[in-house]
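See below for the structure under consideration.
In the working numbering, the protein residues as written are 1 to 116.
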């Protein structure tokens, strides 16, 4: 889904919600940021496999969508800290039941594979 499409007010609510967490890393970032504020380097170490470019882009989009707050401190070396906003915390909590459903689905799939 294009970024422009996510601003369309004539779409389904589920589509609007999914549009702000699309991609491989945004749900992971929500999960990590639930534990509190993190600097970009901490996030990169916590999420092996994410490139600096992808991390920066995902965080930028999440700030734009109001899920994450970016706090830049005017010190040398530069210090930036990311944390969840209230809407970000709300979304993260709402994803809990969806995650539970996903795990149950994976369990059913694994059981079906072993039964056949």
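We put the CB at the ideal spot given by N, CA and C, even for glycine.
None of these values were measured; they are calculated from a predicted model.
Between residue 40 and residue 9, the C-beta spacing is not below 8 Å.
The continuous alpha helix (DSSP H) containing residue 46 extends over residues 40-46. Exclusion of the five residues before and after residue 30 leaves 92 as the residues of its chain whose Cβ lies within less than 6 Å of its Cβ. C-alpha of residue 84 to C-alpha of residue 65: approximately 11 Å in a straight line. Within the same chain, and ignoring the five residues on either side of residue 49 in sequence, no residue has its Cβ closer than 7 Å to its Cβ. Counting C-beta atoms within 10 angstroms of its own C-beta, residue 109 has fewer than 16 neighbours from the protein chains shown and is therefore classed as exposed. Check the Cα spacing between residue 88 and each of 51, 100, 36: the tightest is with 36. Beta-bridge analysis with DSSP links residue 92 to no other residue.
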